[in-house]
Amino acid sequence: MSVTGPRIEVMHGVNLDQLGRRDPAHYGGLGLAELEMEIATAAADLGLVTSFFQTNHEGAFVEHLHDLTVDGVLLNPGAWTHYSYAIRDALELTGLPAVEVHLSAVSEREAFRQVSVIAELCCGTVSGKGPDGYREALSLLKEALPA
Ligand code: DQA
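As structure tokens, this is what we get:
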């Protein structure tokens with residue numbers, strides 16, 4: 006059976022490969038592979054096809070954005086969210102519908118986490134809902150895709 010539907014790139018940034026080792030009070034107990042399986046299942050329920058990317062290297066994240074050939078992007082850049090104008094500019098270059106997602110409630114944490122340099126380029130932001138937030142983010146992204 007061939008898989009069809011709008012293609013969504015799910016991009017995880019710095020330190021997200023360490024999920025499962027990070028503070029479960031903020032990030033829950035799932036590892037990245039388990040989280041990505043949940044995301045892929047949620048996406049399939051919505052008729053979306055996902056591919057995944059994670060790196061701890063900012064330039065690699067930027068270059069992956071440059072090379073995207075998908076219909077939309079769901080991104081959790083981790084700490085880069087709060088200060089990387091390079092990622093912001095590369096996201097703008099994609100011209101793609103994008104939704105920002107964070108496992109933790111960034112708006113209730115340290116002041117530096119309350120800033121997002123990508124938010125204005127995104128059609129939605131979901132935070133503080135753990136893995137379920139990705140399901141909500143996928144729904145928002147689906148609504149933003151051209152008909
Ligand atoms: C995060 C929040 C960021 O502030 C943090 O640096 C992360 C993960 C989240 O998913 O809650 O690495 O993006």
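Add 5 to a position in the sequence shown, counting from 1, and you land on the number used in the numbering used here.
Just so you know, even glycine gets a beta-carbon here, dropped at the ideal spot from N, CA and C.
Just so you know, these numbers come straight off a predicted model, no measurement behind them.
Return yes when the C-beta of residue 84 is under 6 Å from any heavy atom of the ligand DQA, and no when it is not. As a position in the sequence shown, residue 84 is number 79, starting the count at 1. Yes, since a heavy atom of the ligand DQA falls inside the 6 Å radius drawn around the Cβ of residue 84.
So for residue 89, helix, strand or coil by DSSP? Translated into the one-based positions of the sequence shown, residue 89 becomes position 84. Note: residue 89 maps to coil in three-state DSSP.
Output yes or no for whether 7 Å exceeds the beta carbon distance between residue 142 and residue 120. Position 137 of the sequence shown, counting from 1, holds the residue named residue 142. Position 115 of the sequence shown, counting from 1, holds the residue named residue 120. In this structure, residue 120 does not lie closer than 7 Å to residue 142 by Cβ.
Beta-carbon spacing of residue 103, residue 70 below 7 Å: The sequence position of residue 103 within the sequence shown is 98, counting from 1. The sequence position of residue 70 within the sequence shown is 65, counting from 1. Not a contact, by the Cβ cut-off of 7 Å.
What residue does the beta strand (DSSP E) around residue 103 start on, and which one ends it? In the sequence shown, residue 103 corresponds to position 98, counting from 1. Unbroken beta strand (DSSP E) run through residue 103: 103-107.
Which term fits residue 32, buried or exposed, when burial requires 16 or more other beta carbons within 10 angstroms of its beta carbon? As a first step, residue 32 must be located in the sequence shown, where it is residue number 27. Its Cβ being crowded by 16 or more others within 10 Å, residue 32 is buried.
For residue 43, collect the residues of the same chain with a Cβ closer than 6 Å to its Cβ; drop the 5 residues on either side in sequence, then sort them by chain order. The residue you call residue 43 lines up with position 38 of the sequence shown. Result list for residue 43: 136, in chain order.
Buried or exposed for residue 76, going by 16 or more other Cβ atoms inside 10 Å? For this step, residue 76 is matched to residue 71 along the sequence shown. Looking at its Cβ environment, which holds 16 or more other Cβ atoms inside 10 Å, residue 76 is buried.
For the putative contact between residue 138 and residue 132, defined by C-beta atoms under 8 Å, what is the C-beta separation to the nearest angstrom? Position 133 of the sequence shown, counting from 1, holds the residue named residue 138. Position 127 of the sequence shown, counting from 1, holds the residue named residue 132. The Cβ separation is near 7 Å, so the contact holds.
Kindly indicate which three-state DSSP category residue 4 falls into: helix, strand or coil? Not covered by the structure: residue 4. The range shown for the chain is 6 to 152.
Proximity winner among 81, 91, 16, relative to residue 118 (alpha-carbon distances): Taking the first residue of the sequence shown as 1, we reach residue 118 at position 113. Measuring from the Cα of residue 118, the nearest candidate turns out to be 81.
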